[in-house]
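Student: Next up is a structure, given as structure tokens.
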Amino acid sequence: YCRNYDGNRLYKVASGASDYDYNWTKVLMNNVRSDISGLSLHYYTVMNWGHKGSATEFDEDEYYDILAKAVEIDEVLKNHEAIMDLYDPRHRIDLLLDEWGTWFDVEPGTNPGHLFQQNSMRDAMVAAMSLDIFNKHTSSLKMANIAQMVNVLQAMILTKGSEIVLTPTYHVFRMYNVHQDATSVPVVFSAGEKVSKAGRIFPQLSVSASKSDAVHISLSNPSVTETKIVELEFDALKPSSVTGEILRGKGKGLEAVKSYN
């Protein structure tokens, strides 16, 4: 039981929809839009809830299917935002993606209830491409929380006793933190699309750009076989120097390479 006191106002969040349940958003916005500050949304990257698959044992088709499922969040956000706009054209209610990320079968030999799964460069690519999408929706999307941070689902940190490892997903979040509290920079690019085995479409390049003390550009190449040469045109932005960092898989490990020009 809470009330507003001394100018401090409660930020009330309504329990929102999961994935493609647009009718939930429609009914909720029609009935309680004057009583809430935010509306939650869940979106997990899962191909088959009955058999989610392994976090590390997958082929190329499964890799692309997961990426294509992940980037469908763009259309999901657009559809929920469109419904919210009908009932709240002044954007007084925020959209809050309070759970997202990959969800695979638990690792063999672990407690099924603990939802422990390993992390690979596939997860890193899901994280990067998802964050790029979230950066495009900041007019409505005010929060986007990966579901867990330590040892559960698409975690950034895995522990075992006194040992700890930083996952590929962790490094994506570390590299993307330059966009936090920065000003979004619109990006126009052409790289084509691909269709996964399951018939879902995904882009051949993913991009975010922002400006704070410097211009920050994040580029992701989802292909497992093709390198890409990318030419950047800054227009009025004229950088005097460039620093780059590449995150990529190498064998069973992870390789981060820094290069400076």
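Position one of the sequence shown corresponds to residue 8 (the numbering used here), numbered consecutively onward.
Beta carbons are placed, not taken as given, at the ideal position from N, Cα and C, and that holds for glycine.
None of the values given here were measured: they were computed from a predicted structure.
What residue range is occupied by the uninterrupted alpha helix (DSSP H) comprising residue 31?
Tutor: 29–39
Student: Should residue 56 go down as buried or exposed, given a rule of 16 or more other Cβ atoms within 10 Å for buried?
Tutor: exposed
Student: Is residue 175 helix, strand or coil by DSSP?
Tutor: Looking at residue 175 - three-state DSSP - the assignment turns out to be helix.
Student: Between the C-alpha atoms of residue 38 and residue 154, what's the straight-line distance to the nearest angstrom?
Tutor: 28 angstroms
Student: Between residue 228 and residue 175, is the Cβ-Cβ spacing less than 8 angstroms?
Tutor: no
Student: Output needed for residue 131: all residues of its chain with C-beta closer than 6 angstroms, excluding positions within five of it in sequence on either side, in chain order.
Tutor: 175, 176, 179
Student: Just grab the DSSP bridge partners of residue 19 for me.
Tutor: According to DSSP, residue pairing for residue 19 in a beta bridge does not occur.
Student: In the DSSP assignment, what are the bridge partners of residue 190?
Tutor: 218
Student: State the Cα-Cα distance for the pair residue 225 and residue 109, rounded to the nearest angstrom.
Tutor: 21 angstroms
Student: Closest to residue 209 by C-alpha separation, out of 216, 116, 200, would be which residue?
Tutor: 200
Student: Please state the DSSP three-state secondary structure of residue 121.
Tutor: helix
Student: Just mark residue 147 as buried or exposed, buried being the case when its beta carbon has 16 or more other beta carbons within 10 Å.
Tutor: buried
Student: Alpha carbon to alpha carbon, what distance is there between residue 101 and residue 27?
Tutor: Answer to the nearest angstrom: the Cα atoms are 18 angstroms apart.
Student: What residue from 150, 184, 203, 231 has the CA that sits closest to residue 18's CA?
Tutor: 150
Student: Which residue from 238, 80, 25 puts its Cα closest to that of residue 194?
Tutor: 238
Student: Looking at the structure shown, is residue 80 part of a helix, part of a strand, or coil, going by DSSP?
Tutor: Correct three-state label for residue 80: helix.
Student: By Cβ distance below 6 angstroms, which residues in the same chain neighbour residue 152 in space, the five residues on each side in sequence not counted?
Tutor: 105
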